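Here the structure comes first, spelled out in structure tokens, and everything after it is commentary.
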Amino acid sequence: MLGKLTWDAIPWDEPIPLAAGGLVGLVIMGVLGLVTVKGWWPYLWHEWITSVDHKRVGVMYCLLGLVMLVRGFVDAIMMRTQQAIAVNAPGYLTPEHYDQVFSAHGVMMIFFGAMPFIVGLMNFVVPLQLGVRDVAFPTLNSVSFWLTASGALLTNVSLVVGEFARTGWIAYAPLSEPAYSPGVGVDYYLWALQIAGVGTLMSGVNLVTTILKMRAPGMGYLRMPMFVWTSLGANLLIVAAFPILTATLTMLTLDRYLGFHFFTNEAGGNPMMFMSLVWAWGHPEVYILILPAFGVFSEVISTFSGKPLFGYRSMVLATMFITVVAFMVWLHHFFTMGAGGDVNAAFGIATSIIAVGTGVKIYNWLFTMYGGRIRYTTPMLWSVGFLVTWIIGGMTGVLLAVPPADFVLHNSLFLVAHFHNTVIAGTLFGAFAGLTYWFPKAFGFRLHEGWGKAAFWLSITGFLIVFMPMYVLGLAGMTRRLQHITEPSWRPMLLVMLGGVGVMIAGVACQVTQIVVSIRRREELRDWTGDPWDGRSLEWATPSPPPAFNFPVLPDVEGEEVYWGMKQKAIQHQELVPEPDYKAVEMPRNSPTGVVVAFFCSFTGFALIWHIWWMVALSLLGAYITFVVFAWRDHVEYEISAEEIAAVDRRRREARKRWLFEHSEAEGSA
Amino acid sequence: MSAAADQPYQAPARRDPYQLGRRDPHAKRQGGEATGHGEGGPASKRIVTAYGFWIFLLSDFIMFSGFFAGYAVLGGAAAGGPRPADLFEPTRVAVETALLLLSSFTCGLASVATQARKMVLTQLGLLATGLLGFAFLVLEVQEFAMMIAEGAGPSRSAFLSAFYALVGCHGLHVGVGLLWLGTMMAQVWVKGFRDDILRRLACFNLFWHALDIIWVGVFTVVYLLGMGR
């Protein structure tokens, strides 16, 4: 009846996952209870859960990302603590549990923390910057989000029901084959990633189509803001790379479920093919994570330097260069596999060359700041912090690209330090810069600066204290994924790293406090004009938060940095452009399709993991019926009347007129 | 989207594409020159939908290329078991190919009938497509069943694993396509030639023809080259 699922699946004898699971359960019950008591369900259901508005979907993506980042961070704290105390001692985590923790840490951080956050930022910002009203396929967008959430849910369920993979975050075969991983851990991994991966792929298709086919009149390719360009690069990579992951995970699934021999040691299977295939996805994936962050830094540095982005066209070229070359370097993840000197040399050179594109970007950001009137706000601090620390990660990457050096350093903590240096100082700092930069656009009030700055300084300090010693330990020969350590001379460094984690915890606490404080003091942090940072691209032309239709009429784009041009014109003429002729707008209706499909997919995944075949059939049928019901609807759009649009826009114009008046006063007195 | 979105695509007015640098946004537009680089705003829904579906199909091709790569690597790893030449029947594959290509032809006919807004002909064309696709699937499942009965199942060797995964993935696509086809026929019947239904039909057409392209690859790489192994 319930396949392999029995009461033994719950780890009664392991207090840590039970306590953690119980705590998470309590928090979830608490939140659900609060929502029920306060009667927020109708609001949540109509305004958020079933929303197909790209802004709402984007915000939900970011929220999911933030929560999962915290979950992944807890795993990191556990690992650092274990290694600090398990020097010639067993520590407090058994090897089985420790292996699950580091596997879950990687999966959480990459797939359910960083990815949703980055996808959320792109979802929220790209249509606004393009001057359009939504993405190409709004309902599909909602489906994508809920599928990602479903994958995250499955991964978290593994905490208390069964176990998670003990194979590392990309489940190398043959370790992940049933012969060596007979439990359900790898199955959780496979189905969670498969479901979330489909969501990511759909979101990539959606955003590529949006950027290439839906832009405001006059928004030529070379007028798109840098964030849109980097989003285009990232989403092209998603469309081209995620199918490889789908295929690879399917092969491993067939091996595990139906006794196929893709990656086994027997019957002609080839485990090395798994490395090759998974990294053919995996290396583009790291550029999927970093490119949008590059876009955030470009926007932030240009805005807070009060200058156009230096070398815009070279930036576009560098972005596209990275997008293409990202597919030509994957073999550097397994130089030691024995592909031979010539192959290794070719991929080593390609890997070094990709740094040229990044170098171009670094110099462009520096020259953007040069001679500018720089405002060191929180987003700008994250960006400058990125410039300084990310250089180190980039250069250690070039070092690892040299095959002979890689033979010495591979599988060591040096490598771990390198990729954390690029992902934390790059993607995560970019995510936080983007969060503080676009938060007022999403919610109508700014985040508190003081707490934001405290969070930045603590995070970057903690980051350096954790990962600089890690480089040293790697050079000293400490390998990765050690449950206990037998070399006592590494202990001081491990303790220093644990202290660094403490500082990072303080940084995270400051960020949580920042959000709480900002919500409580939202009236004094309110953004009335819709342009709190003196921005340059079209998202700042809308009120904060933007209305469902974004723009009353699609803006006419007459040059790069279109909103900056509009503002200068208004200042010059001391008046806004004449009021446009408002027309009614058709917007897509909300749809529960996304959440219902994800509901059935979660059950499908769970049933597949535990071999509950009737539930698989039933859930798939449910998902299919949901799609048919969706396809059958007759009213897909609703109309927003011209009067309503005019009313919203007139309020915005009032605010802008006040701003213009104050602005001219300030200019006059200066 | 806005009313402007549904207007027909207009040929862009040319401007110097090599003009570099930032244009002064305050400068008056030169006489008769279109704004921007000749872009007229968002494309129509028809264009956007078909374009997006093409992007999806390209990603699907990449997924197949993963399975093709797997087959290319493992195709020779028979592990002492049967080899391609021992298993494949040229006649069956020829009939399968003919069925699938014919189904694409009828799918095209259905699309022509749709253009002419002829309900019965559209339904007949789609029905023929579905029947041909179904016949293809029956032959494929039969082939699999016979091979498994001979002891040449997917667990026998890496070559057979790769074979079943690649050909089966294509077969699964055909199966899902049939499900979609049935749903489409019902939608056209009940809702008529509505704009959104037409867009979906166009996507189905693209999908069905894409399966042909994949099959040409399967036919060549698996069967044609396999007969010599």
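Keeping their order, the protein sequence lines are chains L and G.
Note that this note's numbering has the first sequence beginning at 26, numbered continuously upward.
Note that this note's numbering has the second sequence beginning at 19, numbered continuously upward.
Don't be surprised by glycine CBs; every beta carbon is placed ideally from N, CA and C.
Computed from a predicted model, the values in this text were never measured in an experiment.
Query, Result
"If you measure from the beta carbon of residue 213/G to each beta carbon in chain L, is any gap under 8 Å?", "no"
"Please tell me whether residue 393/L and residue 335/L are closer than 8 Å, where the distance is taken between their beta carbons.", "yes"
"In the DSSP assignment, what are the bridge partners of residue 663/L?", "612/L"
"Expressed to the nearest angstrom, what Euclidean distance is found between the alpha-carbon atoms of residue 157/G and residue 145/G?", "18 Å"
"Any idea if residue 145/L is buried or exposed, counting beta-carbon neighbours within 10 angstroms, 16 or more meaning buried?", "buried"
"Which residues does DSSP list as the beta-bridge partners of residue 470/L?", "551/L"
"Would you report the Cα separation of residue 378/L and residue 428/L, rounded to the nearest angstrom?", "14 Å"
"Taking residue 390/L and residue 322/L to be in contact with their CB atoms under 8 Å, please state how far apart those CB atoms are, rounded to whole angstroms.", "6 Å"
"Is it buried or exposed, residue 160/G, if we count other Cβ atoms within 10 angstroms and call 16 or more buried?", "exposed"
"Counting C-beta neighbours from all protein chains within 10 Å, is the total for residue 236/G 16 or more, i.e. buried, or is it exposed?", "buried"
"Using the beta-carbon of each residue, which ones in chain L are nearer than 7 Å to residue 100/G?", "Under the 7 Å cutoff, chain L gives no residues; its nearest Cβ is about 12 Å from residue 100/G."
"Using a 10 Å radius around the Cβ and a threshold of 16 neighbouring Cβ atoms, would you call residue 45/G buried or exposed?", "Residue placement at residue 45/G cannot be trusted, given a pLDDT of 42 that sits under 50; what the coordinates show is reported in the next sentence. With fewer than 16 Cβ atoms within 10 Å of its Cβ, residue 45/G is classed as exposed."
"Does the beta carbon of residue 157/L come closer than 8 Å to any beta carbon on chain G?", "yes"
"Output needed for residue 554/L: all residues of its chain with C-beta closer than 7 Å, excluding positions within five of it in sequence on either side, in chain order.", "680, 681, 684"
"Drop a sphere of 10 angstroms on the beta-carbon of residue 80/L, count the other beta-carbons inside from all chains shown, and report buried for 16 or more, exposed for fewer.", "buried"
"So what does DSSP say about residue 106/L, is it helix, strand or coil?", "helix"
"Where residue 242/G and residue 91/G are concerned, what is the direct C-alpha to C-alpha distance, given to the nearest angstrom?", "17 Å"
"Can you pull the DSSP bridge partners for residue 112/L?", "510/L"
"From the DSSP output, in three-state form, read off residue 43/G for me.", "Residue placement at residue 43/G is flagged as unreliable, the pLDDT there being 43, under the threshold of 50; the coordinate-derived value follows with that caveat. DSSP places residue 43/G in coil when its eight states are reduced to three."
"Give me, in chain order, the residues of the same chain whose beta-carbon lies closer than 6 Å to that of residue 240/G; leave out the 5 immediate sequence neighbours on both sides.", "none"
"Among the candidates 73/L, 108/L, 103/L, 86/L, whose CA atom is the shortest distance from the CA of residue 507/L?", "108/L"
"Tell me residue 175/L's beta-bridge partners as DSSP assigns them.", "DSSP lists no partner for residue 175/L."
"Going straight from the alpha carbon of residue 40/L to that of residue 412/L, what length do you get?", "42 Å"
"So does the segment 254 to 268 of chain L actually touch the segment 345 to 352 of chain L, counting three or more Cβ pairs closer than 8 Å?", "yes"
"Tell me the DSSP bridge mates of residue 437/L?", "504/L"
"At a CB-CB cut-off below 8 Å, which residues of chain L make contact with residue 78/G?", "268"
"Count the other CB atoms within 10 Å of the CB of residue 137/G; is the residue buried (16 or more) or exposed (fewer)?", "exposed"
"Could you name the residues of the segment 227 to 254 of chain L whose beta carbon sits closer than 9 Å to any beta carbon of chain G, in the order they occur along the chain?", "227, 229, 230, 231, 233, 234, 235, 237, 238, 239, 240, 241, 242, 243, 244, 245, 246, 247, 248"
"Could you spell out the range, first to last residue, of the alpha helix (DSSP H) harbouring residue 395/L?", "Counting along the chain, residue 395/L falls outside any alpha helix (DSSP H), and DSSP gives it neither H nor E."
"With burial defined as no fewer than 16 other Cβ atoms inside 10 Å of the residue's Cβ, what is the status of residue 63/L: buried or exposed?", "exposed"
"Would you mind telling me which residues of chain L sit closer than 7 Å to residue 156/G, beta carbon to beta carbon, in chain order?", "Neighbours of residue 156/G on chain L: none; closest Cβ ~22 Å, over 7 Å."
"What do you reckon, are the CB atoms on residue 177/G and residue 246/G nearer than 8 Å?", "no"
"Assign residue 575/L to one of two classes, buried (16 or more other C-beta atoms within 10 Å of its C-beta) or exposed (fewer than that).", "buried"
"Can the beta-carbon of residue 564/L be found closer than 8 Å to that of residue 153/L?", "yes"
"Measuring CB to CB, does residue 189/G end up less than 8 Å from residue 272/L?", "no"
"Take residue 360/L as the anchor and find which of 352/L, 210/L, 209/L, 301/L has the nearest alpha-carbon.", "301/L"
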